[in-house]
Each structure stands twice: as structure tokens, then as C-alpha cells.
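Visitor: One structure, pasted below without further comment.
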Amino acid sequence: MSPNATAAEEPVTTTRPRLADLDLPLGKRVRLHRLLYEHGVGNGTLMVLPIDQGIEHGPVDFFSNPAAKNPEFQWRLAAEGGYNAIACHWGLAARYMERYAGRVPLILKINGKTNIPSDEEAFSPLTSTVEDAVALGADAIGYTLYVGSPRQDDDSLQFLEVREQCEKYAMPIIVWAYPRGAAIEEKGGRDSLYAVDYAARLAHELGADVIKLNVPKKSDKDPQQPKPYDQLEWSYEEGVRRVVESAGNSMVLFSGGSKMGDADLLEKARLAMDQGATGLIFGRNMWQRPMEEALAMTERIKDLLRKYSR
Amino acid sequence: MSPNATAAEEPVTTTRPRLADLDLPLGKRVRLHRLLYEHGVGNGTLMVLPIDQGIEHGPVDFFSNPAAKNPEFQWRLAAEGGYNAIACHWGLAARYMERYAGRVPLILKINGKTNIPSDEEAFSPLTSTVEDAVALGADAIGYTLYVGSPRQDDDSLQFLEVREQCEKYAMPIIVWAYPRGAAIEEKGGRDSLYAVDYAARLAHELGADVIKLNVPKKSDKDPQQPKPYDQLEWSYEEGVRRVVESAGNSMVLFSGGSKMGDADLLEKARLAMDQGATGLIFGRNMWQRPMEEALAMTERIKDLLRKYSR
Amino acid sequence: MSPNATAAEEPVTTTRPRLADLDLPLGKRVRLHRLLYEHGVGNGTLMVLPIDQGIEHGPVDFFSNPAAKNPEFQWRLAAEGGYNAIACHWGLAARYMERYAGRVPLILKINGKTNIPSDEEAFSPLTSTVEDAVALGADAIGYTLYVGSPRQDDDSLQFLEVREQCEKYAMPIIVWAYPRGAAIEEKGGRDSLYAVDYAARLAHELGADVIKLNVPKKSDKDPQQPKPYDQLEWSYEEGVRRVVESAGNSMVLFSGGSKMGDADLLEKARLAMDQGATGLIFGRNMWQRPMEEALAMTERIKDLLRKYSR
Amino acid sequence: MSPNATAAEEPVTTTRPRLADLDLPLGKRVRLHRLLYEHGVGNGTLMVLPIDQGIEHGPVDFFSNPAAKNPEFQWRLAAEGGYNAIACHWGLAARYMERYAGRVPLILKINGKTNIPSDEEAFSPLTSTVEDAVALGADAIGYTLYVGSPRQDDDSLQFLEVREQCEKYAMPIIVWAYPRGAAIEEKGGRDSLYAVDYAARLAHELGADVIKLNVPKKSDKDPQQPKPYDQLEWSYEEGVRRVVESAGNSMVLFSGGSKMGDADLLEKARLAMDQGATGLIFGRNMWQRPMEEALAMTERIKDLLRKYSR
Amino acid sequence: MSPNATAAEEPVTTTRPRLADLDLPLGKRVRLHRLLYEHGVGNGTLMVLPIDQGIEHGPVDFFSNPAAKNPEFQWRLAAEGGYNAIACHWGLAARYMERYAGRVPLILKINGKTNIPSDEEAFSPLTSTVEDAVALGADAIGYTLYVGSPRQDDDSLQFLEVREQCEKYAMPIIVWAYPRGAAIEEKGGRDSLYAVDYAARLAHELGADVIKLNVPKKSDKDPQQPKPYDQLEWSYEEGVRRVVESAGNSMVLFSGGSKMGDADLLEKARLAMDQGATGLIFGRNMWQRPMEEALAMTERIKDLLRKYSR
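Protein chains in written order, with this note's numbering: chain A, 1 to 310; chain B, 1 to 310; chain C, 1 to 310; chain D, 1 to 310; chain E, 1 to 310.
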């Protein structure tokens, strides 16, 4: 049922790209190989632990598990749980990575902002640089792109500078592709299929190696989406597959979002992987629990990922 | 009936400039010769396949032919159909061009934006650079100029930097000359003769080698155009010829716009070429159909172009 | 009746500065000498043919003489009519100058904009650079300064960069000193004596070598001018003389504006020269007529200029 | 009762970090050692005298003690009182430091602004550079970060440049982490626990070595804070401890704010130090009194700090 | 009655700083010595002739003495009257200084703007650079700082660049410290004691060597000033002394403002000098009269200044 089975005679990659098939410079290959095959489950999948919520949401996310307020918690979880990488800003990398250097790959998140002012004209400024990432021995950078924001021009130009630096150092780029801003909210909202689908394609055309997406959601605002999304009937399987396809041969990570039940979380992970995701980036769902519980859930996710070798 | 037949004694080029007659630096001659005479029909005409709609419109353009969502589709169509060039952003060039390198000339589209926020103050930020184009072996860059936008100052300054880089590397410049913004809508709209005519002249004076235009359209808003456009009587032949003349000795490409019937498309192509266009840049009209159909229509367009050797 | 006859014992230059009296770097002397004494009438006056209306007004200015739409028309008129220089943007210089290289001096107009959006916050962005002017063998650059615009800070900073580059290469600067913007319209309008007088002085203090002005006009809005302009009684001779004096020892060119009758045009030229202008910059009044007529009128203007040797 | 006692087996630093435990480059170690152990009480605590109120508030702060209007007053107080450092802008350092060079360590405050315009969109521009700090022999720079301001993007980018320069020269960074702007005022105000807590974490993640905070205050606007702060019950001890923890392993300084009674000031100092602060930065509370009184109070604060060796 | 007589045992400079006492780099000493002791009265005072009103107010200031419209008038007045320096923009320096080179020291005014648009968000852009000042052999630069303007951030950053360049070349900085903008007008106005006092302190902390101030004025808007200025009782002697003290060890120049009677002007000069000013910068009050009168008044001012040797 591949949509281009009839049109293309040669086999093409529509879902879950394989590193070996991609036309990437050598340094990107080295770093992505390290992330995909030398850590975590080691089978070409990704399980990333993000700890940038302190900037994006403030300390509020640490109330349910005060131990997690100390960044040491996440570094230890990433190390002991065997994640493919931890993703954080410069301050947490520079100040807590020492004991984990070389053991836990780093994705340096290089832009971010508080959620205190309105998101109507969202823009996420740099907090560090690609050269910082190189100096810290990072294996990728993370960049938040606010797709559809009225300030998309500033975002695009900032991203261009980042991408050029990443080309220079052959540093892989992971784009947090987030629909955001007043116009998005008028056209179905940030989690609508329209919005996530557009975000996936934009990040791909701009040159993302890996794209972080949210699973699209159905909502009352769906009829506000542009045609033909406003009338589209879709199952979650179809929705996830659609946005994975829109990401082209960029790899896709799905985020977990706010904390949910264990069964739901595992189901979300299975759904994502079945439809072609390369991996998962679960933060609050992992570290908003005591360490032992967090390690146990990590193990369950890894068991799941083992089924998706590539 | 050439308007300057009586005024100018020496022959001047009002329509369809010939490369050999233009005062261009050597590198531009090499690259334009490659585009005009070494690919496509090879007779000095141009047939370009654009695939930047994923940024400009989102994945919505792929619903009618899901196979086209995979950029491989367009690369293969360009190669098998024998287009003069494919025009796309950096992500699609860097990630899909490998198998077609040297076979399909590249026009690197170096700016773009989503259509999610309003176009009232449209501005199209860079997504790549002229140096990227050089590094990819491109034969031209494409730049969208939003003529008449309240942000025309940012656009003009950005274009200046691009032009200077293009002079440095002798890289041909193709300007997507698009009237846009609140003031344009008040003065007859983006497709009015006034708007397209002004866009053609502006792109020419700013230094475009090739200018992409839309065929001007008549509409109810015509009386809102500034004088004397508000009262002007014109046939489509006259309208197309007028904007071609306003482009001076820059070559002109006409775009296809949204999908139309085959007869209409061929008629549009004929109209454009008869009035002095150098070529066509048809995207959705070509790849919003199955591959075999697309290749067949490509062949019909090429047959037409064969009549316009220069 | 010179206003400072009693105050200053040494002779000072209040009107029509002579190149030999000015403290200018060598390169500016060479280029200005070429403009003033090696072309045109060759007696220290200037007759400049501008063709930047395609950017500033659009193709609308070519309706009355369609032949003039082809920039070849203006280049030929400048060459055959023996103008001191042609003034145009980079596109028209780079693409049409080849046959006239060295025969017609070039004033490269390095900024410009369309008149499509409102002029309330007018700003004229660069379309080329001083280095472009050097590379084209130009003898001066032209810069539009929008005096009194709310964006005067951007304009001033942009002009500073231009001036510094002009010092570096000893390239003469011709400032199109144009009052513009919401505040100007509230204080009597862009053509009021107040506005033109202020524009002349500002351009002079900022370092213009030559200043292009419009002849100030009386209007119903005169009482809105700041004191004492609101009550000032003046003849056109006095108005022109006043603004020429405000330009200090910068040379002054007067523009023609939109097309007028031949007698009026010659009278305007005489008025300007009698009151101390160095020359004229007439565009539409020259090329909005058939070539033969344009050449004839050019000859009449040259006859006039011969009376004002300096 | 350490919140992560059960979760983390290895000892982690939640309060009052010790310089020797931190992963810092050599130059930062040298300079911080000089501040912490070579001046003031010399036991790893900090007592800083700020004199930037002339920019932030104007001369109004000098009315109660006119002698303090002469910056010589504060330099002499810092020297004779034995402060760990004085914090001031370039003008006061360059013009008054000569006699105290090497005796009083300098924290160069490198950004600041007047409080004349509204703080709705607060942004604090640079007044000097990290290289200035190096040239003055400073041991740290101070930077005001307006957390939550609508202009947080400009602030973040400016801070990034500062941080990169600080990395280059291994110059310690002290962040004045100040919640500010319209959105903060709508969410409980600049001194709310929510605001100060978020500010501490943001400064930490962005890479502050030391963070200056205000003691959070309870107010009528507390219910406007986001959840769960709106309902949170807390003592001042808990509030201070909470924000100290949010600063991670960055050291914390508490400010004194406007002048208060001596008993209250000492109590505030004790509260801060008991909950893990590294030191105090008291300005108006010290120099808004005659020199002898100021020196006496300084001695009392130093006595207190002696109890908190680290 | 010196305010810090009791607090500070060592003598400190509260009024009229002496060059020999200041910690300044060698180049600033050379240039300030030239201004203070080698020209004018030569006793450490300053009498500066400004001619930047053509930019700030337009030619309107020349109506009462048309001879003054020719910049030659001011240059000759400065030379024959024996001023310490003339202060003007680049255009007037580059085009009129030749005959006075080395005879009249130059203060290059490097920023300025017209008064055509509103001053609600005043910002004064650069019109030349510190390097221009060096190239013209200037002995100082003049910079207008709009204290309290909503655009104070742009102003502060622009000033920082200027100051850094001035450090590089050891060029003295004279700040025109002007309260300006909507917030200032709401808080008592630009000439209120609050405003001028704040301006003096800000310029001092930012690193001005010399500060140009207006004499503060009492007005009906005084109660709108922030506390305690709103209730403050003060004589003009006290007001001037207060702002001179707020300028710290920066020297202070008082401006004359619009034309006033001779007795008032001399009284203003005496008041300023008695309260610790280093000198005067009188423009319209000097050149808005015939040359002989201007020279005579100049002599009277110099007689006064002779009493204030330092």
C-alpha cells in the first residue's frame, strides 16, 4: 500500500530511513552511527531523554518529583537507563556532564525560551552555538522551529545560520518542529494534523536530519483547518504515518508530552514505531517518577524498541 | 507594430533575449548555456520543474497524487522527462540529488516561507545561500521577491546581498517576481496587470537574469488599479507581451499556478511563448498526476517548445 | 546683496560652487571634473538623464512613449544628446551600458523602492553598493535621502555606510534630498519651502557633494509650515535661491518632475540656473517624447546651460 | 529531608556549591577563588557592594545620604569595609578605581538602563563588554537578565554573546536574574515565588556561575500565579530554599532591595545564608548611611558570614 | 558645606574636575589639554561654538542673521573669537575646515537628526564615526544621548560602540545628555531637575569625559516628577550645583539654548561657572547676531571665564 508503489519502479524510502541509505557527509555518519548503533538498544532506533523543560516551562515540572529538580537526576537516569542521548541546554551540559562524559551522548539543545509571554508571535532564540556543541563533544544539536509563527522569517534566518555551521562541522541537526503562533491557532491549533503535517515537511525541506514531532490530535477545532484537512477522516495510525511520510527521508522522533498512564505511554510508543518513527523522546513521562520506577519504565520502552531494528 | 520601431533606428531586443546577445560574465554564460542549450529541448527555451510547494503551501498539494509527496517522484520526473532543471530548496537537493547529480541541472531556491501567517506584510527569508548553490553544483539560484510588500526594504537588502554573491560566483539569478501585500491587494490585486507589470520591471532593474511571472489576470478589482491600468483594454496576448517587455532583456518564465485542464495548460504555454517568453515553470500541473501521465504531458510541452528556437 | 557681504571680509561661495574652490580628495576631483567639464556642455554645468522611474513609479511612466520602456532608448538619448551623465540602477547599467561604456558617464543610483506601499514611513533601501559603482566605472553614486521620515534613523545610518565607502574610493555623492513621511505632510508637505529648505541643509551637513532638489512650491498647506515659513512671502526666484544657499557649497541639481510644457520647462531651467543651480536632472520631460523631439529639447537645454559657465 | 536523598545514591550538591566541586575552566577557578577566598571574610562566602543604582534609578537614591552621590564613597566603603567586590558600570570603574586597583575586586556590570520608560517590555542593553572587564582586571561580569519579558529573545541572544566571550576569557558570570515585563505582572508579579523560581532556573540553564536573586515575597497577587504556585503554602525559609535549589549548582546571592531596618536586614541575611545562599549583595542598605555607620553594619554582616564557611 | 566633607577624609573632587587629577589614557590627556589649555582662555575652561542646528532644527535658525547660514560664518567666528573648539557634523568639517585647520580645534558631532518627526521615541543616529574624527584631526567627539527615551536600548548600544572606538584611539567623549521621549514628558519634562539630574548621572556612569547639560528649569509640571523631586525646593544655584555633582568627575558644559538677552546670557554663564561647570557651549546666542556683535559678546564671555582658572 505504499503510495508510490506504482509510480516509482526503483525502491524508495518512505518510512524509517536507514542511515546507510542516506547521502550524508562523513561526520554526520559518524555521529549518527554513534547515536543509533552504539548506544541505547543499538539497533538503529533512538530513545532520547530531554531535560530542557526548566527553560520551556520553569521549575513547575519538578513538583511531582522534587528529586528531578537536580539535573544530576536526569544525567544519572540517562546513564543508568542506557538512553541513546540526553538533550539539554548549555548550562546543564557544562555543569553536570563531567562524570558522564563519553558515556551518555549529548544532544545540545541550542535554542529555547520561557513560556511566560504569549506564544502569539513565538520565536526561540539561540542559547548556545554549534561550536559549543562541538566543544562539548555533542553528537547532534537540537533546534526548535516554530512553524507558522508570524516571526517565521527570523526563525528561518536563525536556522539557516545554524544549518550552515552544522554543515561546516558535519553536526547532525534534530529539529523540534513545533507549529506555533496566532495563525496556527486559527487554523486548527498546534496539534492538528494540518499543523503537524506542515511542520514535518517544512523541517524536511529546510534540511533536518531528524525531526521531533508531536502525535497529531483530533479536536473540536479540526473544521478550522484548511482544506482538505478540515474534512479528512483519519485513524491515529493514519495520522502518524502521514506526518512520518511528510518528513521524507528525515528520521522522526515522537515526543511524549505531559505525563500519562504507563499503558497509554507504551501504546503511544508502539503506535509511533509501527508507523515508521525512528525513535522516542520522552521526558516528563520518564523523570516525573522516582528513579527506580523511571529505570523500570525505561527498560520496557527499550524492550519495545528492540522489535524495530533497522 | 513594435512600439519602438519608429523611435530606435538600431535593432533592439524587446522580446525573448538571446544569450549570445547579452553582456554577461563568463560564469553566467556557462551556466545559462548549460540550462538553455544542453538540457531540455536544447534550443534556448526552458522547462523547469519546481518542487518548493511543500514549503510554500504545505503537504496539501500532495493529496491529489500521494506519490508526489516523496521528492524522489519529482527528481525522477525531471530526469526521465528531460527537464532543463529542477528548482527546490536545500533539503530536497542535499538529500535526493545523489542519483541525479549532473543529469538534472539544479536551480537552488534560496528563500521561502509557509503560507500560514497573513501575507499582508509578506517577506521571504533565506533558507540557503549562494555558496550552498555553488557547493551543490547548481546552475542558478531562485529568489522570491515580494514586490510592493510593506517589507520591501528588507527584501531589497536581502536581495542585494544575494546579487552580490551571485556576481562573485557568476551564478545566474532567477527572480520569482511576486506582487504581494496589503497595498497590492488595494490596488487591483497580485495578479492584476498593474502588479505583474511593475514586478517585471522591478526585477529587471534590480538585476535579474531570468524573471518568473504569472500570467496577468482580469478581475473585478481592475478599476482599483492606478491609472492608466484602471481603464486599459487588453487581450491576454497584449497583457503577456506587455509584461514580457517590462522585463527588458531579462528572460521570462511563466508559471502554471494551480492545476488546470490539459488543453488550457497547453494554450497557456503557447500564449506565453508566442509573446516572447523564454520558457515555462510548471509544477503542480505536471506532478499532480501519475508518473506516466506526467511524462506524457511533459513530452507535449517539449514539442511545443521546439517551435521557439532561439 | 549677498547676505554675508558685510559680515565676511573674505569672499565666500554662496551660490554655484566652483570645483576648483572646493576641498575635495583627488579621486572626487577627477570624477567631478569628468562630469562637469569633459561631457555635456563642458562648462561646469550638469545635465543628467535619470532612468530610475521604473523602480520608483513602475512601467506607468512609459505609456505616453512606449519606446522609452526599452532602456536602450534612454542610453541612446544620453549618448546622442550628449548628456553629462545617465543615472540608473544596477540592472540597467549592467545590462545596457556595454555599447556606451566610456561615452556616457554613469551615476549609479544605489537605492530605491516602489511607490506601492504608503510613504508615511518612507525608507529607500540599497539596490547596489559603492563598490558596484567602482566596478562599473561610474563617476558618482546617487542616494535618495528621505528627509523627515519617521525612519530617518535607518536612512541616516545607511547613508553613513555609503558615505564612508565613498570616502574610501573618492566617489562623488549625489543626494536626492526628498522630504517625505507623515510628519512632513503635516507640516506643509513635501514640496513646501520649509521641507525643501531643510532637506538641502541636511544633505549638505551629512556630506553630499551634489544635491538634487525639487523647486519648492506654494500650496494651501503653507500655513501648516513651522514658523517663520508659515508667514513668509517669497517669489520663486527667492525660494530657489534660498534652498540653493541652504545647500552651502554643495552643488545643486533641480529635477523636472512630471511632464510639463516646453516653455514651462525652459523657464524652470532658467530660473534654477539663474539662482545658482549647477545643473538639471530632467527625466520624464525628456524621454516621454519621441527620440527626435527629445534630442531637440536636449539641445535647447544645452543652449541655456552654455550661458552659465563656471 | 533533602528531596533527592532517596533517589540519588551518590552525594549531590543541592545547596551552596563548593568551588572545588564544580567543573569550571581554570581562569574561572582563579577569579572565583580570588573573590571567595582572598577577599571579604575569605571563607567561601560573598559580600558584594553594588553601585549601579545611578543608572537604574537615577540620583534619587542619593538623597538620604548625599555623600554617597560621589562614587568615591562606595569605593572607599568597599575598601575599608573589606568587601569581596564592588559591582559597577564602566564609567565608575574607569574613573574611580585607580587608587583601589588590586585592593577591591571588580565585578563589571555590563548592562543596564534607566527606569524612566515603562518596564512592560524591559530589555537591558550592554554598557560595556567582557573585553572591557578583562582590560580593567575585573574578576567577574554582572549581567541583568529580564526573565519573562516580551523581549526575552533579544536578551537571550545578547546574553549568548556575553557568555561566549566569558568562555573565551574564562570570566565568571553573575546573572542578575530579574523577572520583568507585562506577562510577569499578570502572573503574580516580579517578586512572586513563581517568578523568582523560574528566574533562578533559567539563569542556571543558560550558564550563570553565580545568580543574584531577590527574596520571593507573598502578595495579594499570589493567586494569579500559574499552578501549582497559586495554591502553594510556604514559609520564607521554604521559599528561599526552593529558589536556591532551582539555581542548581550555580551559587546564589541575595539582594537587599530598598533600605530597611538593621534587624530586618540582618535577619534577611541570616535567612538567605541558612537556606544555602553563597552570599549577599547589599547596596542601598549599606551606603544610604554615613560612612561610619556603613562600616559598622558591614562588620556585623561579615560576622554573620563567618558562620557559613564552605 | 561640601556634602561629603564629614564622610570622606581624603579630598575628593565634587566640582570642576582638574585634568591633572583624572585617570585618563595618554591620548585623551593630550587632546583635552589642547582643548582646555592651548586654546580659548587657556585656563582649563571651555568655550565651544556649536553649529549643528542646521540638522537639529533646519535653516530656521538662520533667519534672524542670514549671514550665519553660510558655515563660513561660524568657522570665522570661532577662529577670530578664539573659541576652544567648534562643534559640527562631518559635512561642515570636511568642506569648510581647510583654512582653519590646526587653528580651531574640532569637536566632531557624530550623531544627529531632524526635529521633523515626533520626539516621543527619540533616537539620534550616527552621521559619522570616531575614525572620521581621527582622520579630521578632531580633539573630541560629541554624542547626543537621549536619556529616558523608549529607544534607550538602541542608544546605549550605539554609544557603547562609539565609546569602544574612543578608547581605541583615546578620543575624548563629550555627551550631549538630553532627556527626551514620552515618559520624560510625563515625569516633569525634559528640562525638569529630575530629568537633567538623571541625565548627568547616566552620562557619567556610561563613561563621558565631558557632559553637556541644559540648566534645569522650574515649571508647572514639576509636581509630576518622581519623589522626592516633586516636592523639592531649590534655587537655580542649587539646581545647577546638584546636576554638576551628579556628573561626578566628568566635566560639565552648559548650553545656552535659544537666543536670550545679553545680561541674561552673562548671568547664565556666571551661574554655571560658579557652581562648578568647566565651560559653556553657546551657539545661537553667539551667531544669531552680526559678526562684530558676536565677536564682542565672545570677548565678554572670555573675560568671565578668565576668573575660573583651574
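By construction, the Cβ of each residue, glycine as well, lies at the ideal position given by its N, Cα and C atoms.
The model shown is predicted, which means the values in this text are computed figures rather than measured ones.
Taking only three categories from DSSP, how would you classify D:SER255?
Guide: As a position in the fourth sequence, residue 255 of chain D is number 255, starting the count at 1. The answer is strand: DSSP assigns D:SER255 an E or B state.
Visitor: Which whole-angstrom value describes the C-beta separation of A:ALA183 and B:SER118, a residue pair presumed to lie in contact below a C-beta threshold of 8 Å?
Guide: Position 183 of the first sequence, counting from 1, holds the residue named residue 183 of chain A. Position 118 of the second sequence, counting from 1, holds the residue named residue 118 of chain B. The Cβ separation is near 7 Å, so the contact holds.
Visitor: Check the Cβ of B:GLN314 against every Cβ in chain C and list those closer than 8 Å, keeping chain order.
Guide: Residue 314 of chain B lies beyond the residue range present for chain B, which begins at 1 and ends at 310; the question has no answer from this structure.
Visitor: From the DSSP secondary-structure annotation, give me the bridge partner or partners of E:MET260.
Guide: The residue you call residue 260 of chain E lines up with position 260 of the fifth sequence. Partner(s): none; E:MET260 has no beta bridge.
Visitor: Decide yes or no for the touch test of the segment 125 to 133 of chain A against the segment 157 to 164 of chain D: beta carbon pairs closer than 8 Å, at least 3 of them.
Guide: Cβ pair count under 8 Å is three or more, so yes.
Visitor: Give every residue of the same chain whose Cβ lies closer than 6 Å to the Cβ of D:ALA199, excluding the five residues on either side of it in the sequence, and list them in chain order.
Guide: Here residue 199 of chain D corresponds to residue number 199 of the fourth sequence, with the count starting at 1. Hits under 6 Å: VAL147, ALA177, PRO179.
Visitor: Could you tell me the distance, in whole angstroms, from the CA atom of C:LEU19 to the CA atom of E:PHE73?
Guide: Against the third sequence, residue 19 of chain C aligns to sequence position 19. Against the fifth sequence, residue 73 of chain E aligns to sequence position 73. Answer to the nearest angstrom: the Cα atoms are 21 Å apart.
Visitor: Would you list, in chain order, the members of the segment 178 to 195 of chain C that have their beta-carbon closer than 9 Å to a beta-carbon of chain H?
Guide: No chain H appears in the structure shown, which is made up of the protein chains A, B, C, D and E.
Visitor: Report the rounded CA-to-CA distance for A:PRO107 versus A:ASN84, giving the unit in angstroms.
Guide: Residue mapping note: residue 107 of chain A aligns to position 107 of the first sequence, counting from 1. Residue mapping note: residue 84 of chain A aligns to position 84 of the first sequence, counting from 1. It should be noted that the sequence gives Ile, not Pro, for residue 107 of chain A. Their Cα atoms are separated by approximately 10 Å.
Visitor: Using three-state DSSP, classify B:TRP176 as helix, strand or coil.
Guide: Here residue 176 of chain B refers to the residue found at position 176 when the second sequence is read from its first residue. It is a strand residue.
Visitor: Does the beta-carbon of D:ASN65 have 16 or more other beta-carbons within 10 angstroms, so that it is buried, or is it exposed?
Guide: Numbered from its first residue, the fourth sequence carries residue 65 of chain D at position 65. D:ASN65 is buried by the Cβ-count criterion.
Visitor: Use the C-beta contact count for E:VAL321: other C-beta atoms within 10 angstroms, 16 or more gives buried, fewer gives exposed.
Guide: Outside the displayed range of chain E (1 to 310) lies residue 321 of chain E, so it cannot be described from this structure.
Visitor: Across the segment 190 to 210 of chain E and the segment 142 to 156 of chain E, are there enough close Cβ pairs to call them in contact, namely three or more that are closer than 8 Å?
Guide: Yes, the segment 190 to 210 of chain E is in contact with the segment 142 to 156 of chain E.
Visitor: In the structure shown, what three-state DSSP assignment does A:MET312 receive?
Guide: No answer is possible for residue 312 of chain A: it lies beyond the span of chain A, which begins at 1 and ends at 310.
Visitor: Looking at E:GLY44: is its Cβ nearer than 9 Å to the Cβ of E:TYR229?
Guide: Position 44 of the fifth sequence, counted from the start, is the residue given in the question as residue 44 of chain E. Position 229 of the fifth sequence, counted from the start, is the residue given in the question as residue 229 of chain E. No, they are not a contact pair.
Visitor: If you count every other CB in all the chains shown that lies within 10 Å of the CB of D:LEU253, and 16 or more means buried, which is it?
Guide: Sequence index remark: in the fourth sequence, residue 253 of chain D carries index 253 (1-based). By the 10 Å Cβ count, D:LEU253 comes out buried.
Visitor: Ignore the nearest five residues each way along the sequence and tell me which others in D:MET1's own chain have a CB closer than 6 Å to its CB.
Guide: Translated into positions along the fourth sequence, residue 1 of chain D becomes position 1. Confidence at D:MET1 is low in this model, with a pLDDT of 33, below 50, so the placement of that residue should be treated as unreliable; the coordinate-derived value is given next. Taken in chain order, the list of residues that qualify is empty.
Visitor: Is DSSP giving C:MET324 helix, strand or coil here?
Guide: It is not possible to answer for residue 324 of chain C, since the shown part of chain C is limited to 1 through 310.
Visitor: Candidates D:LEU271, D:ARG242, D:ALA122: which alpha carbon is nearest D:SER192's?
Guide: Within the fourth sequence, the letter at position 192 stands for residue 192 of chain D. When each option's Cα is compared against that of D:SER192, the closest is D:ARG242.
Visitor: To the nearest angstrom, report how far apart E:LEU92 and D:LYS217 are at their CA atoms.
Guide: Residue mapping note: residue 92 of chain E aligns to position 92 of the fifth sequence, counting from 1. Residue mapping note: residue 217 of chain D aligns to position 217 of the fourth sequence, counting from 1. If you take the alpha carbons of E:LEU92 and D:LYS217, they lie about 58 Å apart.
Visitor: When you compare the CB positions of D:SER140 and D:ASP209, do they come within less than 9 Å of one another, or not?
Guide: Here the question's residue 140 of chain D lines up with position 140 in the fourth sequence. Here the question's residue 209 of chain D lines up with position 209 in the fourth sequence. The identity of residue 140 of chain D in the sequence shown is Ala, whereas the question assumes Ser. Result yes, Cβ atoms of D:ALA140 and D:ASP209 sit closer than 9 Å.
Visitor: Whose C-alpha, out of A:ALA67, A:GLU38, A:THR144, A:GLY42, is nearest the C-alpha of A:ALA87?
Guide: Within the first sequence, residue 87 of chain A is the residue found at index 87, counting from 1. Nearest of A:ALA67, A:GLU38, A:THR144, A:GLY42 to A:ALA87, Cα basis: A:THR144.
Visitor: Give the straight-line distance between the Cα atoms of E:ALA195 and C:VAL175, rounded to the nearest whole angstrom.
Guide: Mapped onto the fifth sequence, residue 195 of chain E falls at position 195. Mapped onto the third sequence, residue 175 of chain C falls at position 175. Cα to Cα, the separation comes out at about 37 Å.
Visitor: Say whether chain A places a C-beta atom closer than 9 Å to the C-beta of D:PRO3.
Guide: Within the fourth sequence, numbered from 1, the residue matching residue 3 of chain D stands at position 3. Because D:PRO3 carries a pLDDT of 38, less than 50, the predicted location of this residue cannot be relied on, and no value is offered for it.
Visitor: Cα separation between C:THR13 and C:THR114?
Guide: Indexing the third sequence from 1 puts residue 13 of chain C at position 13. Indexing the third sequence from 1 puts residue 114 of chain C at position 114. Because C:THR13 carries a pLDDT of 41, less than 50, the predicted location of this residue cannot be relied on, and no value is offered for it.
Visitor: Under a Cβ-count criterion, where at least 16 other Cβ atoms within 10 Å of its own Cβ denotes burial, should E:VAL215 be classed as buried or exposed?
Guide: Within the fifth sequence, residue 215 of chain E is the residue found at index 215, counting from 1. Answer is buried; the Cβ neighbour count reaches 16.
Visitor: DSSP on A:ASN285, reduced to helix/strand/coil?
Guide: Taking the first residue of the first sequence as 1, we reach residue 285 of chain A at position 285. In this structure, A:ASN285 counts as helix in the three-state DSSP scheme.
Visitor: Report yes or no: is there a C-beta of chain E within less than 9 Å of the C-beta of C:LEU157?
Guide: Here the question's residue 157 of chain C lines up with position 157 in the third sequence. At least one chain E Cβ lies under 9 Å of C:LEU157.
Visitor: Among E:VAL30, E:VAL41, E:LEU35, E:ARG31, which one has its Cα closest to the Cα of E:ARG300?
Guide: If you number the fifth sequence from 1, residue 300 of chain E lands on position 300. Measuring from the Cα of E:ARG300, the nearest candidate turns out to be E:VAL41.
Visitor: Indicate whether A:GLN275 and A:GLU237 have their beta-carbon atoms separated by less than 9 Å.
Guide: One-based indexing of the first sequence puts residue 275 of chain A at position 275. One-based indexing of the first sequence puts residue 237 of chain A at position 237. Closer than 9 Å, so yes.
Visitor: Taking the alpha-carbon positions, what's the B:LYS227 to B:ASP303 distance?
Guide: Along the second sequence, one-based indexing puts residue 227 of chain B at 227. Along the second sequence, one-based indexing puts residue 303 of chain B at 303. Looking at the two C-alpha atoms, the distance is approximately 40 Å.
Visitor: Are the C-beta of D:ALA8 and some C-beta of chain A separated by less than 9 Å?
Guide: Working through the fourth sequence from its first residue, we reach residue 8 of chain D at position 8. For D:ALA8, the predicted structure reports a pLDDT of 39, less than 50, and the residue's modelled location is therefore unreliable. A value from the coordinates is still provided. Chain A, which has a Cβ nearer than 9 Å to the Cβ of D:ALA8, makes this yes.
Visitor: Measure from the alpha carbon of E:ALA312 to the alpha carbon of each residue in E:SER246, E:GLU164, E:GLY181, E:GLU267, then state which is nearest.
Guide: Limits of chain E in this structure are 1 at one end and 310 at the other, which puts residue 312 of chain E out of reach.
Visitor: Going by C-alpha distance, which of C:ILE110, C:ALA68, C:ARG270, C:ASN70 is nearest C:GLN165?
Guide: Position 165 of the third sequence holds residue 165 of chain C. The residue with the shortest Cα to Cα distance from C:GLN165 is C:ILE110.
Visitor: Which residue wins for smallest C-alpha separation from B:GLY248, given the options C:ILE55, C:HIS33, C:ASN70?
Guide: Locating residue 248 of chain B in the second sequence gives position 248, where the first residue counts as 1. B:GLY248 has its Cα closest to that of C:ASN70, out of C:ILE55, C:HIS33, C:ASN70.
Visitor: Using a Cβ-Cβ cut-off of 9 Å, state whether E:PRO216 counts as contacting chain D.
Guide: Counted from its first residue, the fifth sequence places residue 216 of chain E at position 216. Cβ-Cβ to chain D under 9 Å: no for E:PRO216.
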